[in-house]
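Worksheet: the structure to be examined is printed underneath.
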Amino acid sequence: MTVRQVFAAAALTFGFATSALAFDTPPPVDAPEITTFSSASGWYIRGDLGYNASVDFDKPTIRSFKSATNTYTSTAFDSARFDSNYTLNAGAGYQFNDWLRSDLTLDYFKGTFDGKSTINKPCSAIQPNKTKCGSSYEQALASLGLMANGYVDLGTYWGLTPYLGAGAGVTNMDYGSMTASKYCVSGGGKCDKFTDYKNKNYGGEESWRFTYALMAGVSYDVATNLKLDLGYRFSQVEGGDMFKWSSQEVMNGARGVKGTDDGFSRHEFRAGLRLTGW
Numbered sequence: 002m003t004v005r006q007v008f009a010a011a012a013l014t015f016g017f018a019t020s021a022l023a024f025d026t027p028p029p030v031d032a033p034e035i036t037t038f039s040s041a042s043g044w045y046i047r048g049d050l051g052y053n054a055s056v057d058f059d060k061p062t063i064r065s066f067k068s069a070t071n072t073y074t075s076t077a078f079d080s081a082r083f084d085s086n087y088t089l090n091a092g093a094g095y096q097f098n099d100w101l102r103s104d105l106t107l108d109y110f111k112g113t114f115d116g117k118s119t120i121n122k123p124c125s126a127i128q129p130n131k132t133k134c135g136s137s138y139e140q141a142l143a144s145l146g147l148m149a150n151g152y153v154d155l156g157t158y159w160g161l162t163p164y165l166g167a168g169a170g171v172t173n174m175d176y177g178s179m180t181a182s183k184y185c186v187s188g189g190g191k192c193d194k195f196t197d198y199k200n201k202n203y204g205g206e207e208s209w210r211f212t213y214a215l216m217a218g219v220s221y222d223v224a225t226n227l228k229l230d231l232g233y234r235f236s237q238v239e240g241g242d243m244f245k246w247s248s249q250e251v252m253n254g255a256r257g258v259k260g261t262d263d264g265f266s267r268h269e270f271r272a273g274l275r276l277t278g279w
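Taking the working numbering, the leading residue of the sequence shown gets 2, the next gets one more, and so forth.
So, in structure tokens, the structure goes:
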């Protein structure tokens, strides 16, 4: 066999081997696309609907006044809770770069405060000795917060961008009229169940309070300039005034406020949209 025939046979054999290998090898699988950052940037507006998983009050207090001695006594509420499920939030902000963004937001919610307290003496002279006097309180509350927030975006993967954030601002706490209802509590003595006590009403207080918040969540690129935002927020509102003295107590010389709270915290879950990139 000549040299030319040897090279021809080798080339033919290599061709068959290459064809067989190509036939047996499966087609390549495209790797999932992982982008480092979302490309949207610039100004954005946002709107969110929130759910308060819990609102924790720090034991409000109520004061009583004795005009004969011009002295005050403070009593902590035995229990206190706030019913408020949903919040509305809106704001505007700016995406500075791939990592940082900030916004200003307005946060609104309202609900009802319920509290109870007990003093170790009868509600009135007609109740037997060794009974206690309980009181239940109910008061409406509306809250509007103005917050400045900053966020760190942690990269975008398959359209998802996790983030961490923090904010600080002020919250306007607008308490409505407080309604107090007395009732007898049996102790060493038995209550007269047929005695009804007239409810008392105390005017509500309004105040601005410092507030801070911590956030975490993830956004999803629904479209080039539209993001779905799912997140959690913890916020703490400082304490302040709740309700006033009655007109009679003021006439007797009481000053200041009758009821105060020590602030409260909220654990909130949010879902909203961010329109960005112009």
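Glycine is no exception: its CB is placed at the ideal position from the N, C-alpha and C atoms.
Inter-residue Cα distance where the pair is residue i and residue j
i    : j    : result
G87  : A217 : Here residue 87 is Tyr; the residue named in the question, Gly, does not match the sequence. Going by the C-alpha atoms only, they are around 19 Å apart.
A272 : K259 : 38 Å
Y213 : C124 : 41 Å
L227 : T277 : 6 Å
G166 : L145 : 20 Å
T74  : F211 : 27 Å
A178 : Q140 : Note that residue 178 is Ser in the sequence shown, not Ala. Approximately 6 Å, taken between the alpha carbons.
P61  : A169 : 23 Å
L107 : G94  : 12 Å
DSSP state of residue i mapped onto helix, strand, coil
i    : result
E207 : strand
Q249 : helix
N53  : strand
A155 : One detail in the question is off: residue 155 reads as Leu in this sequence, not Ala. In this structure, L155 counts as coil in the three-state DSSP scheme.
R102 : strand
K199 : coil
Cβ pair residue i, residue j closer than 9 Å
i    : j    : result
Q237 : S266 : yes
Sequence-distant residues of the same chain with beta carbon closer than 7 Å to residue i, five excluded per side
i    : result
K245 : Y203, G204, E206, V258 and K259
G112 : F83, D84, S85 and L142
W100 : V153 and D154
L229 : S220, Y221, V223 and L274
Cβ-Cβ separation, residue j to residue i (assumed contact under 8 Å), whole Å
i    : j    : result
S65  : S137 : 16 Å between Cβ atoms; not a contact.
G92  : F270 : Actually they are not in contact, since the Cβ atoms of G92 and F270 sit about 17 Å apart, beyond 8 Å.
Q249 : T196 : Contact flag wrong, Cβ pair sits at about 21 Å.
F110 : N53  : 7 Å
S80  : G116 : 7 Å
Same chain, Cβ closer than 8 Å to residue i, neighbours up to 5 away in sequence not counted
i   : result
T71 : A quick correction: the sequence has Asn, not Thr, at residue 71. These residues qualify, in order along the chain: G254.
Neighbourhood of residue i by C-beta, 6 Å cutoff - its chain only, sequence neighbours within 5 removed
i    : result
G264 : D59, V238, E239 and G240
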